Structures are given as structure tokens and as C-alpha cells.
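Here is the structure we will look at.
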Ligand SMILES: [Zn+2]
Ligand SMILES: [Zn+2]
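Residue numbers (the working numbering): 227 to 372.
Here is the structure:
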């Protein structure tokens, strides 16, 4: 008798799941589950938010996407799996990728601690908001879904 965990069962590829993957592939906007749902329900009016949410959880568990917590209001998802840092605009919630550069290890690093990876989250104002192009609220946390 096989004692293999059923948790690693094959990922069933439904049209909705395929569409979620297609939407995320190469997507640099770091969408939230709500963003993905709003976008895809136009094509699949019968699709539920739970389907989107559960698919994202499955993709996360399979390490096909990453979850980023830089946005205080919502979890955002990132299909880019090469290590990189993020710039977050506190006005419009824009998240921009910042390729991981060569960072010098911190000077006060405890002896013997080996650094394996590092993701830095920078909070600031994006160029468009800095020029006054985006006349939004100061905090995007209250931003309404469009
Ligand atoms: Zn901005
Ligand atoms: Zn990213």
C-alpha cells in the first residue's frame, strides 16, 4: 500500500486556472487576489472569488508564484521568482521591481550567521506621484477597487 501524501496530488488544469496563470505570467503589476478576480470575471462571469483565491494558494504552495506583503492593505502576488527587492508607492500602491544588487552584509551581523537571501522593501513616492500626476489619497490603503 502506498503511503504517499495526497497533498501533492497533481494540479488539475481547469480553463480558469490556466487563465489565472496566463494573467500572472510576466505580469509586473503585482496584482492582489481582488485585482485578478476583477480582471478575469469579465471572461469567466461564473468564476467565484474562492476559485481565484484557492488557485493562488495552490500556486504558492507549489512555489510557482510568490506572495509579497509590502502593501499594508492587501497581499499581492508576484510571478517573478528571481530574487529582487520592491519599491512601494504609498500614494498609488504601485509596486516596482528592483533587481537584487550586490549588497554588502550588515556590519553588525552576528558572528557565524550566514546570509542566504535578502529582500528589501522600500516605501516612498513613485515618479508620477512625485510630479503631482496622481492626485490620490495620501494612503493607498483606503483606495477603492475600480
Ligand atoms: Zn505613486
Ligand atoms: Zn516583484
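Note that beta-carbon positions come from the ideal geometry of N, C-alpha and C, so glycine has one too. Computed from a predicted structure; not experimentally measured.
When the options are compared against residue i, the one with the closest alpha-carbon
{"i": "residue 271", "options": "324, 296, 325 and 242", "result": "242"}
{"i": "residue 320", "options": "351, 274, 265 and 331", "result": "351"}
{"i": "residue 279", "options": "257, 330, 311 and 296", "result": "257"}
{"i": "residue 294", "options": "353, 265 and 254", "result": "254"}
{"i": "residue 291", "options": "259, 325 and 334", "result": "259"}
Euclidean distance between Cα positions of residue i and residue j
{"i": "residue 340", "j": "residue 346", "result": "17 Å"}
{"i": "residue 306", "j": "residue 239", "result": "21 Å"}
{"i": "residue 308", "j": "residue 357", "result": "31 Å"}
{"i": "residue 276", "j": "residue 323", "result": "28 Å"}
{"i": "residue 267", "j": "residue 337", "result": "52 Å"}
{"i": "residue 262", "j": "residue 317", "result": "21 Å"}
{"i": "residue 302", "j": "residue 332", "result": "28 Å"}
{"i": "residue 274", "j": "residue 343", "result": "36 Å"}
{"i": "residue 237", "j": "residue 348", "result": "35 Å"}
{"i": "residue 335", "j": "residue 353", "result": "34 Å"}
{"i": "residue 412", "j": "residue 298", "result": "Since the first residue shown for the chain is 227 and the last is 372, residue 412 is missing from the structure and cannot be characterised."}
{"i": "residue 300", "j": "residue 281", "result": "17 Å"}
{"i": "residue 296", "j": "residue 304", "result": "11 Å"}
{"i": "residue 264", "j": "residue 325", "result": "29 Å"}
Environment of residue i [buried if 16+ CB atoms lie within 10 Å]
{"i": "residue 314", "result": "buried"}
{"i": "residue 231", "result": "Reliability fails at residue 231, whose pLDDT of 48 lies under 50, so the model's placement of it is uncertain and no value is given."}
{"i": "residue 355", "result": "buried"}
{"i": "residue 244", "result": "exposed"}
{"i": "residue 330", "result": "exposed"}
query: Touching or not, the region 277 to 290 and the region 249 to 266, by the rule of three or more beta carbon pairs under 8 Å?
result: yes
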